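First comes the structure, then the notes that go with it.
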């Protein structure tokens, strides 16, 4: 089973709760940090990193001996990654989406593909958790290929927990696709509620069952719970704001150390999720 | 007539989400009054929740295309599915025909170009909408990306360009850009060509780690960068460390903002943090704004 943690708005507690769930689970967990632009779960899981694997994506190169300058490759590229300079194709790898269209289109078979780096997957173990995180190279614009590579590490595992990137566009969708259940982490405040609604819409489009964790649940903003009630969204867990939690977070301490009993509540939430996910 | 002065652009980013980008952008907007606002966190646009916009213009954001297989023409050969590198094409087991999952379609057109039956249409895709609004703080350009939509980087660029047009029209001195979290496509789109970056961070291991990646990104694009530390008193040690590391990367620290529930309360009231006058955070944000203004205008 794969449980993904997402939020829409950043900083609501995706990492806090994905880690808390992983630490509290009775079963072995494969933890995938798919927030590859800014992966932070390692600060809390503290795995012993034993492997670093460079991840690459295919991009085109042109054999100038074979190229006749017909311009077909530039014509089929929808991302403007190939421009004809007279009879010579110029390739911009940073714009390439690795779709392979140009090499299929070339009548002379002059376009082949080479692999270029997009980021690194680090792996390690801590207790019952097998840990993987993707780290996108600085200046790289496209995170989905790396997110997909991280997700492959969960193949075959019985319980996978995914820490997804914020937002509701392609990186978040890539991280969530194929998950059995999504936990949307929110806090009772206008910004987070606005973004929660968009995240709910996205998860519904993806057809994934989901529930909500309300972090800092004691904020004077009842609209978040009202929204969940109206939309019949299960609230899996509510955790109040505590300065000690913020301080603990700052130095890499999991929230389950701050709230005694939270670990048991999470175990209950996991069994609820297991029931909801198989329905 | 003199040449029109071009408005300066400053983008507020953070790396890590939830450090206070939007609260600070809204506060600066309230303090400056004559800046143009651009909400470039297009996935999770929230500035409108405190700026009280009255929409003047609403436009669809059309970007890229999306493959649609016509079941009447599809012969079920499966070439599209073999060629698609984005796992966007699936087979309908009951009919043997293929179909495209819109959320997975990259818009590359490979299936369209290579379908032997010519069964695949490639209509333009609506990815959201963008608006120009009057707000209590001045003109704002903002948008709403559809749930699960692609091309947020292009929408960011569009919002910024429209903000530049608005600033020209109004002869505004400054464009305040509320940026997205992360360091990827929409972040790069929101900072390329800006004059300054303000990175808002928090003294946590995550905040520090993510800030360093933002400072490296700023260095990569050679854009001057300022730093302010929100909730600094949660961990004074990491605050000091961030200040040291920032200096090493030539990022100037503009100030420290204390942990203050008033920032959330302001949001709940639908106003910017500096409009709660007795807040200790508001005092510091105001001081940071004054410093920043001196340096960039």
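Residue numbers (this note's numbering), protein chains in the order written: chain A, 248 to 526; chain B, 625 to 921.
Glycine residues also receive a C-beta, built at the ideal position from the N, C-alpha and C atoms.
All values reported here derive from a predicted model rather than from experimental measurement.
- Here residue 820(B) carries a strand assignment [DSSP, helix/strand/coil].
- Between the alpha carbons of residue 715(B) and residue 706(B) lies a gap of roughly 11 Å.
- Counting only Cβ-Cβ distances below 8 Å, residue 727(B) has contacts in chain A at 420, 424, 452 and 453, in chain order.
- Look at residue 444(A) here: in three-state DSSP terms it is helix.
- Check the Cα spacing between residue 264(A) and each of 333(A), 351(A), 510(A) and 248(A): the tightest is with 510(A).
- Annotation: the continuous alpha helix (DSSP H) that includes residue 913(B) extends over 904-920.
- Look at the stretch 396-446 of chain A and you find these whole runs of alpha helix (DSSP H), each 4 residues long or longer: 417-423.
- Taking the CA atoms as reference points, residue 882(B) sits about 5 Å from residue 856(B).
- The C-beta of residue 793(B) has fewer than 16 other C-beta atoms within 10 Å across all chains shown, which makes the residue exposed.
- The C-beta of residue 347(A) comes closer than 8 Å to at least one C-beta of chain B.
- Taken through DSSP and simplified to helix, strand or coil, residue 886(B) comes out as helix.
- Among the bridge pairs identified by DSSP, residue 299(A) is matched with 369(A).
- Neighbours of residue 379(A) across chain B, judged by C-beta separation under 9 Å, do not exist; the nearest C-beta is about 17 Å away.
- In this structure, 471(A) is the residue among 448(A), 471(A), 515(A) and 420(A) with its C-alpha nearest to the C-alpha of residue 433(A).
- Taking residue 680(B) as the centre and dropping the five residues before and after it, the same chain places the C-beta of 756, 757 and 758 closer than 7 Å to its C-beta, in chain order.
- For residue 840(B), the enclosing alpha helix (DSSP H) begins and ends at 829-844.
- Boundaries for residue 727(B): no alpha helix (DSSP H) harbours it, and the DSSP string shows neither H nor E there.
- If the five residues before and after residue 363(A) are omitted, its C-beta is found closer than 7 Å to the C-beta atoms of 303, 304, 306 and 340, all from its own chain and listed in chain order.
- For residue 784(B), the uninterrupted alpha helix (DSSP H) segment begins and ends at 776-794.
- For residue 498(A), the chain B residues whose Cβ falls inside 8 Å of its Cβ are 828, 829, 859 and 862, in order along the chain.
- For residue 726(B), the closest alpha carbon among the candidates 918(B), 668(B), 740(B) and 711(B) is that of 711(B).
- Annotation: Cβ neighbours of residue 255(A) in chain B (cutoff 9 Å, chain order): 667 and 668.
- Taking a C-beta distance under 8 Å as the contact criterion, residue 524(A) and residue 411(A) do not qualify as a contact pair.
- Ranked by Cα distance from residue 396(A), the options 445(A), 406(A) and 301(A) are led by 301(A).
- The C-alpha of residue 845(B) lies about 17 Å from the C-alpha of residue 342(A).
- Residue state for residue 474(A) is assigned as helix, using DSSP reduced to three classes.
- Contacts with chain B at 8 Å (Cβ-Cβ) include residue 466(A).
- Contact between residue 751(B) and residue 775(B) holds: CB atoms are separated by about 5 Å, below the 8 Å threshold.
- Boundaries of the alpha helix (DSSP H) harbouring residue 496(A): 490-497, taken from the DSSP string.
- The three-state reading of DSSP puts residue 348(A) in helix, counting H, G and I together.
- Contact of residue 760(B) with chain A is not assigned, every C-beta pair being separated by 8 Å or more.
- A straight line joining the alpha-carbon of residue 805(B) with that of residue 701(B) spans about 43 Å.
- In this model, residue 760(B) and residue 676(B) are separated by some 7 Å (Cα to Cα).
- Under the 8 Å Cβ criterion, the stretch 269-287 of chain A does not count as touching the stretch 345-356 of chain A, having fewer than three qualifying pairs.
- From the beta-carbon of residue 804(B), the residues of chain A found nearer than 9 Å are 257, 413 and 414.
- Near chain A, meaning a CB-to-CB distance below 7 Å, the residues of the stretch 835-851 of chain B are 837, 840, 841 and 844.
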